[in-house]
Amino acid sequence: MRVFMLSLLLGVSAPAMAQPSQPAGAPAGPAAIGRPAAPEGWAIGIGVAPVLSPAWQGSNDMALSIFPDLRISYGDLLFASVPDGVGINAVNAHGWRAGPLVKIRFGRDEDDGGSPFQIAGGSDALIGMGNINLAGEAGGFVEHSFGQRHQWRARAEVRQGFGGHQGLLADVSLNHRSRIDRTIISAGPRASFASRDFMQTYFGVTPAQSLRTGLARYDGDGGLLSYGVGGTVVQPLSRNSAITLFTSLERLGEQAGDSPLVRERGRRTQFTLGLAFGYRFGL
Numbered sequence: 009m010r011v012f013m014l015s016l017l018l019g020v021s022a023p024a025m026a027q028p029s030q031p032a033g034a035p036a037g038p039a040a041i042g043r044p045a046a047p048e049g050w051a052i053g054i055g056v057a058p059v060l061s062p063a064w065q066g067s068n069d070m071a072l073s074i075f076p077d078l079r080i081s082y083g084d085l086l087f088a089s090v091p092d093g094v095g096i097n098a099v100n101a102h103g104w105r106a107g108p109l110v111k112i113r114f115g116r117d118e119d120d121g122g123s124p125f126q127i128a129g130g131s132d133a134l135i136g137m138g139n140i141n142l143a144g145e146a147g148g149f150v151e152h153s154f155g156q157r158h159q160w161r162a163r164a165e166v167r168q169g170f171g172g173h174q175g176l177l178a179d180v181s182l183n184h185r186s187r188i189d190r191t192i193i194s195a196g197p198r199a200s201f202a203s204r205d206f207m208q209t210y211f212g213v214t215p216a217q218s219l220r221t222g223l224a225r226y227d228g229d230g231g232l233l234s235y236g237v238g239g240t241v242v243q244p245l246s247r248n249s250a251i252t253l254f255t256s257l258e259r260l261g262e263q264a265g266d267s268p269l270v271r272e273r274g275r276r277t278q279f280t281l282g283l284a285f286g287y288r289f290g291l
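Counting in my numbering, the sequence shown runs without a single skipped number right up to 291 at its last residue.
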């Protein structure tokens, strides 16, 4: 949930910053609804977003976090940020983009379940489960914009974890973008898949964890991690700044949802709501 939510934050705050979404104040036309040309040279974006979300993926307790956002891009080639990781558009032609990508996934704290940016709320349901360390995820992405005005965007990512988890993940999404005056609206379905290693790290219950928590042992298998919908409403404030309302509703798949951790101490349906402000400038 945390990486999914951060990735969503990237997509919605980027209109005031850099790749991948529509810059604030861009001229009307095909690029204004699809993916516009990125600014030439180096660009820096800064932003902040208060986000209300589950304290941990599968939690029924909510937490309030304030996420800072610093991102750097070089033209339409390189992008780097904490939410979206570091990536290169090695392929960029005819509506197609593809290239390598490295992301981070924040750890899970058994004391409150929250991210390093949590300021309120949280959950004590993880006590006895132990902490999960920060993980890196390396892989690649492919994306295609299509439609008369490139208003549809399909994207897929595959990433292998290292550090806090050793699992393999795949994310797929489809978004439709439209404009009402200067307001940009984007929404669509998405789904995530994970290997057995990932499921066991985040939703499995080992014998030692079972003794400490009273939860039944559970060995998760690979498969559908979550599925749902997400949407954003972007309101430009100036050519370089914008505010964004974003939300998502997802449900955990069977392997994650059947975990005693979720069945007894959480819930399968997960909701996120946030408001972002961002500002972009060039060098």
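Backbone N, C-alpha and C define an ideal beta-carbon position, used for all residues, glycine too.
Asked	Found
Quick check: the Cα distance between Ile229 and Asp179, rounded to an integer number of angstroms?	Reading the sequence as shown, one finds Asp at residue 229 and not Ile. Cα to Cα, Asp229 sits roughly 17 Å from Asp179.
Comparing alpha-carbon positions, which option in Leu60, Val56, Ile54, Gln65 lies nearest Gly212?	Gln65
By the three-class DSSP mapping on this structure, what secondary structure does Val358 have?	Look at the range of the chain in this structure, 9 to 291, and you will see that residue 358 is not part of it.
Check Glu262 in the structure and name its three-state DSSP category.	helix
When you compare the segment 245 to 257 with the segment 218 to 225, are there three or more beta-carbon pairs, one atom per stretch, that lie closer than 8 Å?	no
Put Val90 into one of helix, strand or coil per three-state DSSP.	coil
If Val59 and Ser73 are in contact, beta carbons under 8 Å, what's the gap, nearest whole angstrom?	5 Å
How many Å lie between Arg225 and Thr214 at the Cα?	6 Å
If I follow the unbroken beta strand (DSSP E) through Leu176, where does it start and stop?	176 to 188
From what residue to what residue does the beta strand (DSSP E) around Asp77 run?	70 to 82
If you reduce the DSSP assignment to three classes, tell me which class Pro124 lands in.	coil
Just list the alpha helix (DSSP H) runs in the segment 192 to 249, keeping only unbroken ones of 4 residues or longer that don't cross its boundaries, in chain order.	204 to 211, 215 to 221
With DSSP as the reference, identify every bridge partner of Gly171, one or two as the case may be.	Ala143
Can the beta-carbon of Ala199 be found less than 8 Å from the beta-carbon of Ser234?	yes
Which stretch, first to last residue, makes up the beta strand (DSSP E) that contains Arg116?	Neither: Arg116 is in no beta strand (DSSP E) and is coded neither H nor E.
What residue from Pro62, Gly53, Phe149 has the CA that sits closest to Asn100's CA?	Phe149
Using a Cβ-Cβ cut-off of 7 Å (strictly less than) and excluding sequence neighbours within five positions of Asn141, which residues of its own chain qualify?	Gly115, Gly171, Gly172
Starting from Arg271 and walking both ways along the alpha helix (DSSP H), at which residues does that stretch end?	268 to 273
Roughly how many angstroms lie between the CA atoms of Ser267 and Asp205, to the nearest whole one?	14 Å
With a threshold of 8 Å, are at least 3 pairs of Cβ atoms found where one atom belongs to the segment 47 to 54 and the other to the segment 104 to 122?	no
Under a three-way DSSP split, which group does Ile135 fall into?	coil
Rounded to whole angstroms, what is the Cα-Cα separation between Asn97 and Gly103?	12 Å
In this structure, does DSSP put Leu283 in helix, strand or coil?	strand
Can you check DSSP and say which residues form a bridge with Leu85?	Note: Leu85 sits in no beta bridge, so no partner.
Does any residue of chain C bring its CB to less than 8 Å from the CB of Ser61?	Among the protein chains of the structure shown there is no chain C, as only one such chain exists.
The beta strand (DSSP E) spanning Ala63 covers which residue range?	First-last for Ala63: undefined, no H or E at that position.
Does DSSP classify Ala98 as helix, strand or coil?	coil
Buried or exposed: which applies to Pro91, given that a residue is buried once 16 or more other Cβ atoms fall within 10 Å of its Cβ?	buried
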